[in-house]
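Be aware that the sequence shown starts at 100, since it is given in this note's numbering, and climbs by one per residue. In this text, a Cβ means the ideal position worked out from N, Cα and C, and glycines have one as well. These numbers come from a predicted model, not from an experiment. One structure is given here, and the rest of the page talks about it.
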Amino acid sequence: MSITQATETATTPTARIFSSDNAAGTSPEIVEAMAAVSTGPALPYGADDGTATVRRAMGEIFERDVDVVLVSTGTAANALSLAALTPPWGSVLCHRESHINNDECGAPEFYTAGAKLVPLGGADAKIDPDELRAAARHKAGDVHSVEPSVVSVTQATETGAVHTLDEIRTLGSIAREAGLRLHMDGARFAGAVTALGCTPAELTWRAGVDLLSFGATKNGTMTAEAIVVFDRSLTPELAFRAKRAGQVTSKMRFQAAQLDAYLRDGLWLRNAAHAAAMAARLQEGLKAVSGVELLGAADANIVFCRLPQRITEGLLAEGYAFYHDRWEPGVVRFVTSFATTEQDVDHLVRAAASHAA
Numbered sequence: 100m101s102i103t104q105a106t107e108t109a110t111t112p113t114a115r116i117f118s119s120d121n122a123a124g125t126s127p128e129i130v131e132a133m134a135a136v137s138t139g140p141a142l143p144y145g146a147d148d149g150t151a152t153v154r155r156a157m158g159e160i161f162e163r164d165v166d167v168v169l170v171s172t173g174t175a176a177n178a179l180s181l182a183a184l185t186p187p188w189g190s191v192l193c194h195r196e197s198h199i200n201n202d203e204c205g206a207p208e209f210y211t212a213g214a215k216l217v218p219l220g221g222a223d224a225k226i227d228p229d230e231l232r233a234a235a236r237h238k239a240g241d242v243h244s245v246e247p248s249v250v251s252v253t254q255a256t257e258t259g260a261v262h263t264l265d266e267i268r269t270l271g272s273i274a275r276e277a278g279l280r281l282h283m284d285g286a287r288f289a290g291a292v293t294a295l296g297c298t299p300a301e302l303t304w305r306a307g308v309d310l311l312s313f314g315a316t317k318n319g320t321m322t323a324e325a326i327v328v329f330d331r332s333l334t335p336e337l338a339f340r341a342k343r344a345g346q347v348t349s350k351m352r353f354q355a356a357q358l359d360a361y362l363r364d365g366l367w368l369r370n371a372a373h374a375a376a377m378a379a380r381l382q383e384g385l386k387a388v389s390g391v392e393l394l395g396a397a398d399a400n401i402v403f404c405r406l407p408q409r410i411t412e413g414l415l416a417e418g419y420a421f422y423h424d425r426w427e428p429g430v431v432r433f434v435t436s437f438a439t440t441e442q443d444v445d446h447l448v449r450a451a452a453s454h455a456a
């Protein structure tokens, strides 16, 4: 059974879906917040009080004045951010395993009107500083080539690793020295903040980040993501680009309500911490399963491992959904979420052990 078939099987219990944190539902606090704003009128297109509240809340979290552009998907957040940072003749330097390079159907190229993604290498899906330093200068100013324009880093990475503060600072320093902008794809930004125990400010603008794609859907919201703008000179262009992209929703108060509840009282950090704890529990449990080889870091909520074929086939037959053989034969990815329970994890570990026996 393929991952698509496993995920789409109607009888697959939600507790057995470890393919993505997008499979989780919505935090009850967020559902309640949306219900609360559903009665009575509010000004449309982001002129409501809730959108202003979210902007203030983001300012408090990041310890400075910021602008916030609300969007409905992470793809929109990434593509619009890169479009505001990159001319059509520019290039986006990113890791070859990054989401923008592999999983967004050319959206960054489309919204930038043709800017080129230049994939770079590095362990744990982190851009190698030496490769970045070389690429940032490669054919700069040569009209026969694309112009290096922006660096995009993913936090946490597609392998579940988290860039340390020093790593982000190093990449930011290289970008600044070469005159490049810095974008952060923070689809799992909350997981990185909790893993590092640092402040959001230290992890972003203080390290040179110009724009942050602030992910929330994977961590508890329903249809709300945000672009956090640290270089506020970019805001007017982003506003027009968001409208042209169909991202200025008429009833934006529902997106604002989600993010307001998400940020309020630290829900975003609690959700991320729980997801990470479940990943750590899963990793620990799999260590004891015969034939399982853990791969890479599991700093956030993603666990990569190598499974014997009999375990993979057995889990799929039981209705478990997860990515397998996508990267190389035998390599499996499990993703936990804010909604994953200890029982869910323990059941998976026991099932893997039973098929290993």
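Query, Result
"Straight-line Cα distance separating GLU417 from SER118", "14 Å"
"Whether LEU366 touches GLU196 by CB criterion (8 Å)", "no"
"Option nearest ILE326 by Cα separation, candidates SER436, VAL170, ARG155 and GLN408", "VAL170"
"Between the CA atoms of ALA420 and THR108 - distance to the nearest angstrom", "With a pLDDT of 40 at THR108, under the threshold of 50, the modelled position of this residue cannot be trusted; read the value that follows with caution. Distance between the alpha carbons of THR108 and ALA420: 9 Å."
"Terminal residues of the beta strand (DSSP E) in which LYS215 lies", "215-219"
"LEU414 vs ALA451 beta-carbon contact at 8 Å", "yes"
"Assigned exposure category for ASN121 - 16 Cβ within 10 Å defines buried", "exposed"
"Closest residue to THR303 among ALA235, GLY221 and GLN254 (Cα-Cα distance)", "GLN254"
"Three or more C-beta pairs below 8 Å linking the segment 367-384 and the segment 225-242", "no"
"Buried versus exposed call for PRO207 [16 or more other C-beta atoms within 10 Å across all chains shown]", "buried"
"Residues that DSSP places opposite ILE326 in a beta bridge", "VAL168 and SER312"
"Start and end residues, alpha helix (DSSP H) containing VAL478", "This structure cannot settle anything about residue 478, because the visible part of the chain is limited to 100 through 456."
"Minimum length 3: unbroken beta strand (DSSP E) runs contained in the segment 222-261", "246-253"
"Option nearest PRO143 by Cα separation, candidates MET351, GLY205, PRO335 and ARG287", "MET351"
"ASP352 - DSSP class collapsed to helix/strand/coil", "Before going on, a small fix: residue 352 reads as Arg here, not Asp. ARG352 falls in the helix class under three-state DSSP."
"contact_flag[the segment 304-319, the segment 179-188] where n(CB pairs < 8 Å) is 3 or more", "yes"
"Inter-residue CB distance, ALA224 and GLU257 (contact presumed, cutoff 8 Å)", "5 Å"
"Which residues DSSP lists as bridging CYS404, in chain order", "LEU393 and VAL431"
"CB contact flag (ARG268, ALA399, <8 Å)", "no"
"Supposed close pair TYR361, ALA294 - CB separation, criterion 8 Å", "With 8 Å as the limit, TYR361 and ALA294 do not qualify as a contact, their Cβ atoms being about 18 Å apart."
"Segments assigned alpha helix (DSSP H), at least 4 residues, entirely inside the segment 123-164", "127-135 and 148-161"
"TYR361, DSSP secondary structure in three states", "helix"
"Span of the alpha helix (DSSP H) around VAL292", "288-295"
"Simplified DSSP state of LEU279, which is helix, strand or coil", "coil"
"VAL431 and GLY384 closer than 8 Å at C-beta", "no"
"Pairwise C-alpha distance: ALA123 and THR113", "8 Å"
"Cβ neighbours of LEU216 in the same chain (closer than 8 Å, five flanking residues each side left out)", "SER190, VAL191, CYS193, ILE199, ASN200, PRO207 and GLU208"
"N-terminal and C-terminal residue of the alpha helix (DSSP H) that GLY384 is part of", "366-386"
"Cβ-Cβ distance between VAL245 and TRP188 below 8 Å", "yes"
"Element boundaries [alpha helix (DSSP H), containing LEU179]", "173-184"
"Close-in-space but distant-in-sequence residues of the same chain around SER436 (CB under 6 Å, 5 per side omitted)", "ASP120, ALA123 and ALA374"
"Three-state class that DSSP yields for ALA420 in the structure shown", "strand"
"Span of the beta strand (DSSP E), counted from its first residue to its last, around LEU302", "Run containing LEU302: none in the beta strand (DSSP E); it sits in the alpha helix (DSSP H), 299-302."
"Delimiting residues of the beta strand (DSSP E) encompassing LEU192", "189-194"
"Cβ neighbours of GLU441 in the same chain (closer than 8 Å, five flanking residues each side left out)", "MET377 and ARG380"
"Under the three-state DSSP convention, the category ALA109 falls into", "At ALA109, the pLDDT of 36 sits below 50, so the modelled position is not reliable and the matter cannot be decided from this model."
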